[in-house]
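Here is the structure we will look at.
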Amino acid sequence: MSLLFACAAALQAFQAVQPPAAPEKCTLEGRVVNAATGEPLNKTSVVLLRADGPKTAAGLPQAFSTATDANGRFAMKDIDPGGYRLRVSRSGFVTTEYGARRLTGTGTTLPLASGREVKDIAVRLTPHGVVAGRILDEDGEPVTSVTVQVLKMQYANGKKQLQTNGSATTNDLGEYRVFGMAPGKYYVSATLQAITEASLIAVDRSVTPRPQENYVPTYYPGTSEAPGAVPVEIVAGSPTRGIDMTLAKRRTFSVKGRVTPAGMLAILSPRSLSGPLSLRMVRLDPKGEFEIQGVAPGAYSLSSSARVGSKTYSASMPLEVASANVEGVNLAIGPGFAVSGRLRVDGETKEDLAKVQVRLQAREMNMGTVLGAMGSAMAGGTPGESSGKLEQDLTFRLEDVSADRYDLRVTGLPDGFYVKSVHSGETDVMVSGLDVVGGAQEPLAIVVSPQAGLVSGSVQNSRTQQPEPDAVVVLVPQEKERREVGAYYQQAAAGRDGTFTFKNLPPGAYKVYAWEDVESGAWMDADFMKPLESMGEAVTLKEGAKETVQVKAIAAEQK
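Those letters in the sequence shown? Residues 935 to 1493, by this note's numbering.
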């Protein structure tokens, strides 16, 4: 018996030192059909995207792909175990994720355990919609090169705004056709872009002054004001035709001024990114002077760029056009301003802060910000953003920062840290933002703390009381001054077991909400959130605190 026990012990010891068996690969099979007819769809692209685990060297999720056959079937093999999202796309159909509650929504996560074989995936693709029509002038003649945009009310920075979902340009018959649209209600706009050969290379020398009116962005059925627009219903697989418009004319004005040093172009653009995009460009004369005609009343940004020494710089400025011509505008181009400061840790830490960066992000990304950052983009930067690493003594200095209002972000902090305060002189800029203006900037004093809070918990389905996987969970700040700042919100997707975690949180009052499905950014809209106040779970965090909450998912039909 002693020999038997000895052999058994030796076997156990041998097994103990053996490396664990490699996880078995997975397989996946399914079918894609037309949601309208039930017919199988061949030549459909099927992409499996890793929702967890390591990313590629480029920072992208691991992905596997295949295509459907004549019977609409697809099959994949040698898939690493993990959680995945399945994305399906085909020309003429709306790209769809498996399990999505909305056509353009995020799908559910497919859990592929080691060696699992999934054979019953069914995806229904919805045929895309088309909107078509003609654009005419006041004489009933077709207008070519008109930009037609299909717009939808969507959330941006917590506000419902008209966002472009598709566009096309009219041909010589004034015809346009916008395809690839998901079914739904949209607004249609037509804009005659004032970027012509004459405006770019010629100076107006007309004997008779041109009339002080011009075509302005026009919304269907023919109004120049967004509130008067009528929505158009785009249906799946059926063209919506006859969406014709006559371009509207309005009293317009001119903008005259000078850009120094002289570059090539002066660019006038709407300050808001909401609604149709309309640009007006004119060439600067040798003295840098310009005149932009046909400008409708509104809020604009004037932008230009010029070569200064060995560098290209850009600049922009806000401009209001009301009820008269605007003259004497001066736009100065040159190096931006320097923003410097120091980071201090409140308390003791042994963490390495070498990867910490200080970033300034323009609070309002309007067309002036984008166009005024052309020099930064050409130099490899990000429009509307300046960033820099900390020195060994925790100081930093950002060069060539354009005049604007910025939100300050500190990235690369170790887990458990949060930004406690940011001051410019006596001014707290955490909520109000940093105004970068002419002259010397007060050094920034940034204080970070290793005593960040943490909120974790789970989401339950309000009907079944079971865990709600893939629920959208959002941590909403309750202090009024924080509700307007996106950095104080956190969003997460519940795991397959319905759990979630929010970390690196500053102290304060919060509510945790969870939705089966919700439009991104809706939680920053006070009107959207008001009827849902009682559906969030309140939590108050002190420094270093760890709190746990359980929240019920708001059903899709309750939104």
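Even for Gly, the Cβ is constructed at its ideal location relative to N, Cα and C.
Report the rounded CA-to-CA distance for residue i versus residue j, giving the unit in angstroms.
| i | j | result |
| --- | --- | --- |
| residue 1359 | residue 1376 | 6 Å |
| residue 956 | residue 998 | 20 Å |
| residue 1418 | residue 1425 | 16 Å |
| residue 925 | residue 1323 | Absent from the model: residue 925. The displayed extent of the chain is 935 to 1493, so no value can be given. |
| residue 972 | residue 1021 | 19 Å |
| residue 958 | residue 1442 | 46 Å |
| residue 1232 | residue 1125 | 15 Å |
| residue 1295 | residue 1011 | 44 Å |
| residue 1437 | residue 1349 | 8 Å |
| residue 1276 | residue 1466 | 41 Å |
| residue 1086 | residue 981 | 27 Å |
| residue 1308 | residue 1123 | Any reading at residue 1308 is ruled out, since the residue's pLDDT is 46, under 50, leaving its predicted position unreliable. |
| residue 1109 | residue 1174 | 13 Å |
| residue 1321 | residue 1293 | 4 Å |
| residue 1100 | residue 1050 | 40 Å |
| residue 1036 | residue 1002 | 23 Å |
| residue 977 | residue 965 | 12 Å |
| residue 1310 | residue 1268 | Reliability fails at residue 1310, whose pLDDT of 45 lies under 50, so the model's placement of it is uncertain and no value is given. |
| residue 1043 | residue 1400 | 17 Å |
| residue 1484 | residue 1439 | 18 Å |
| residue 1117 | residue 1054 | 27 Å |
Would a C-beta distance cut-off of 7 Å place residue i and residue j closer than the cut-off?
| i | j | result |
| --- | --- | --- |
| residue 1181 | residue 1149 | yes |
| residue 1214 | residue 1202 | yes |
| residue 1210 | residue 1127 | no |
| residue 1177 | residue 1067 | yes |
| residue 1041 | residue 1170 | no |
| residue 1120 | residue 1166 | yes |
| residue 1009 | residue 963 | yes |
| residue 1367 | residue 1339 | yes |
| residue 1435 | residue 1392 | no |
| residue 1193 | residue 1253 | no |
| residue 1015 | residue 1047 | yes |
| residue 1239 | residue 1191 | no |
| residue 1216 | residue 1226 | yes |
| residue 1273 | residue 1332 | yes |
| residue 1223 | residue 1185 | no |
| residue 970 | residue 1061 | yes |
| residue 1098 | residue 1080 | no |
| residue 1270 | residue 1335 | yes |
| residue 1387 | residue 1479 | yes |
| residue 1405 | residue 1428 | yes |
| residue 1396 | residue 1486 | yes |
| residue 1289 | residue 1228 | no |
| residue 1463 | residue 1092 | no |
| residue 1416 | residue 1045 | no |
| residue 1030 | residue 983 | no |
| residue 1179 | residue 1069 | yes |
According to DSSP, which residues form a beta bridge with residue i?
| i | result |
| --- | --- |
| residue 1425 | 1408 |
| residue 1069 | 1179 |
| residue 1445 | 1410 and 1472 |
| residue 1338 | 1370 |
| residue 1500 | Residue 1500 is absent from the model: the chain starts at 935 and stops at 1493. |
| residue 1484 | 1392 |
| residue 1382 | 1279 and 1353 |
| residue 1015 | In the DSSP output, where bridge partners are listed per residue, residue 1015 has none listed. |
| residue 1149 | 1183 |
| residue 1296 | 1340 |
| residue 1056 | 965 |
| residue 1157 | 1153 |
| residue 1031 | 1021 |
| residue 1323 | 1291 |
| residue 1435 | 1390 |
Taking its Cβ as the centre, do 16 or more other Cβ atoms sit within 10 Å of residue i, making it buried, or is it exposed?
| i | result |
| --- | --- |
| residue 1364 | buried |
| residue 1005 | exposed |
| residue 993 | exposed |
| residue 1249 | buried |
| residue 968 | buried |
| residue 1354 | buried |
| residue 1402 | buried |
| residue 1284 | exposed |
| residue 1414 | exposed |
| residue 1219 | exposed |
| residue 1341 | buried |
| residue 1075 | exposed |
Please specify which runs of the beta strand (DSSP E), each continuous and at least 3 residues long, are wholly inside the segment 1080-1139, giving them in chain order. 1080-1090, 1093-1103, 1109-1115 and 1118-1126
Report the residue ranges of all beta strand (DSSP E) runs contained in full by the segment 1340-1379; include only those spanning at least 3 residues, in chain order. 1352-1358 and 1368-1370
Give the list of continuous beta strand (DSSP E) stretches no shorter than 3 residues that lie fully inside the segment 1174-1256. 1182-1185, 1187-1194, 1199-1204, 1214-1217, 1223-1229, 1232-1242 and 1245-1255
Kindly provide the ranges of any beta strand (DSSP E) runs that are 3 or more residues long and lie completely inside the segment 965-1012, ordered along the chain. Entirely contained in the segment 965-1012, the beta strand (DSSP E) runs reaching 3 residues are, in chain order, 979-984 and 997-1001.
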